[in-house]
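Report on the structure given below.
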Amino acid sequence: MAATKRDYYEAGVSGGGVFEGQSLCVNFLTTESYSAEYVVLRARRLNTFTSVTAYLHAVDGSNKPTGSALATSQTIAGAEISTSVGPVTFTFGTSYTVSSGIQYAIVVIVAGGGAFNWFDWWIDNTGGFRRGVNTGSWTMFSNRSHWFQVWGSDPTRQINLSSPTDTDTGVTVQPLLQWSIDGVGAQDGDLLDIYIRKDDSNFTGADLIGDLVDATLNSNLQIISGLEYNSIYYWQVQAANSAEGYDILVTSSIWSFTTLVFAPPTVSIDGSGNPTGLNNMVTLKRIVVAANNSIFYET
Numbered sequence: 001m002a003a004t005k006r007d008y009y010e011a012g013v014s015g016g017g018v019f020e021g022q023s024l025c026v027n028f029l030t031t032e033s034y035s036a037e038y039v040v041l042r043a044r045r046l047n048t049f050t051s052v053t054a055y056l057h058a059v060d061g062s063n064k065p066t067g068s069a070l071a072t073s074q075t076i077a078g079a080e081i082s083t084s085v086g087p088v089t090f091t092f093g094t095s096y097t098v099s100s101g102i103q104y105a106i107v108v109i110v111a112g113g114g115a116f117n118w119f120d121w122w123i124d125n126t127g128g129f130r131r132g133v134n135t136g137s138w139t140m141f142s143n144r145s146h147w148f149q150v151w152g153s154d155p156t157r158q159i160n161l162s163s164p165t166d167t168d169t170g171v172t173v174q175p176l177l178q179w180s181i182d183g184v185g186a187q188d189g190d191l192l193d194i195y196i197r198k199d200d201s202n203f204t205g206a207d208l209i210g211d212l213v214d215a216t217l218n219s220n221l222q223i224i225s226g227l228e229y230n231s232i233y234y235w236q237v238q239a240a241n242s243a244e245g246y247d248i249l250v251t252s253s254i255w256s257f258t259t260l261v262f263a264p265p266t267v268s269i270d271g272s273g274n275p276t277g278l279n280n281m282v283t284l285k286r287i288v289v290a291a292n293n294s295i296f297y298e299t
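Residue 1 is where the sequence shown starts when you use UniProt numbering, and the numbers rise one by one after that.
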């Protein structure tokens, strides 16, 4: 699912300097559980510093950052930060699932720089509960609040493929593709695009299935025609929502399967490899498939 803005504070009238030896943090109370993917801070570069990194931390009983980072962003070179105030995006290398109604802290640490050579993080003058650090101890830095956004996605909403199993072999050329949408499940307006391609895990050519299907009504699709024997097929299911401009919301993994080998009758041979002259073809008048895996036929 595409990340959306979850928790935020979007006010600021001036900068608050972050430089080596004087890191800052902003606390926020989550309003829901989600997978935090990146944070956006409103800031600028004042003169020069080496680099800046953002971290997601748990907080202690005094709302001060504690323990190791729950998530760590990429390190941005100071020279890449504009000297004009604007949004700066810090993307976590691995997202972290935050719980609803819990305090967390965004910690910003700068390498290099000093007084008037810093990452200028925008703050306001209306009060708040933000903290800073100096020489390793977190203390109250200011009663002013920092501008931030936390963007995340719902980690429980996933498309899981189930059949045919991944790398399965001997699959019929008319397989029943099956999947499930876990977590909150399919929502009104969700449409599924089922991709299936022969020998093409990138789905670069024309797809065998052209129509979208309603996610609330379908968790499987019977393939009627188009598949060939003894071939590898890759398939994937994506969900989009009409109310959100058909942007891709959820994408499954890419699985593959190999269709069964169709072996036409061959000449019967004996143990020495010589033809027996026997007819190995039988004409059936009638065939009946019954319960308990029983098959009856009449010759």
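Beta carbons are placed, not taken as given, at the ideal position from N, Cα and C, and that holds for glycine.
Where the beta strand (DSSP E) containing residue i begins and where it ends
| i | result |
| --- | --- |
| residue 27 | 24 to 29 |
| residue 220 | 220 to 222 |
| residue 54 | 51 to 59 |
| residue 105 | 103 to 111 |
| residue 236 | 232 to 241 |
| residue 147 | Counting along the chain, residue 147 falls outside any beta strand (DSSP E), and DSSP gives it neither H nor E. |
| residue 119 | 118 to 123 |
| residue 259 | 255 to 259 |
Reduced DSSP secondary structure (H/G/I, E/B, other) of residue i
| i | result |
| --- | --- |
| residue 20 | coil |
| residue 86 | strand |
| residue 80 | helix |
| residue 63 | coil |
| residue 47 | coil |
| residue 130 | Its pLDDT being 47, under 50, residue 130 is placed unreliably in this model, and the coordinates cannot settle the point. |
| residue 229 | coil |
| residue 203 | coil |
| residue 5 | strand |
| residue 266 | coil |
| residue 41 | strand |
Contacts around residue i, its chain only, beta-carbon distance under 7 angstroms, and the 5 residues preceding and following it disregarded
| i | result |
| --- | --- |
| residue 65 | 25, 57, 59, 105, 107, 138 |
| residue 278 | 268 |
| residue 70 | 56, 57, 58, 96 |
| residue 30 | 7, 98, 99, 100, 101, 102, 104 |
Beta-carbon contacts of residue i that lie in its chain and below 8 angstroms, excluding the five residues immediately before and after
| i | result |
| --- | --- |
| residue 165 | 255, 257 |
| residue 116 | 17, 46, 47 |
| residue 97 | 33, 34, 35, 36, 155 |
Close beta carbons around residue i, own chain, < 6 angstroms, minus the five adjacent residues each side
| i | result |
| --- | --- |
| residue 99 | 33 |
| residue 134 | Bear in mind that the predicted position of residue 134 carries a pLDDT of just 47, short of 50, making it too unreliable to give a figure here. |
| residue 289 | 295 |
| residue 260 | 170 |
For residue i, the residue or residues it bridges with in DSSP
| i | result |
| --- | --- |
| residue 91 | 38 |
Of all the beta strand (DSSP E) runs that stay within the bounds of the stretch 154 to 198, which reach a length of 3 or more residues?
158 to 163, 168 to 171, 176 to 182, 190 to 198
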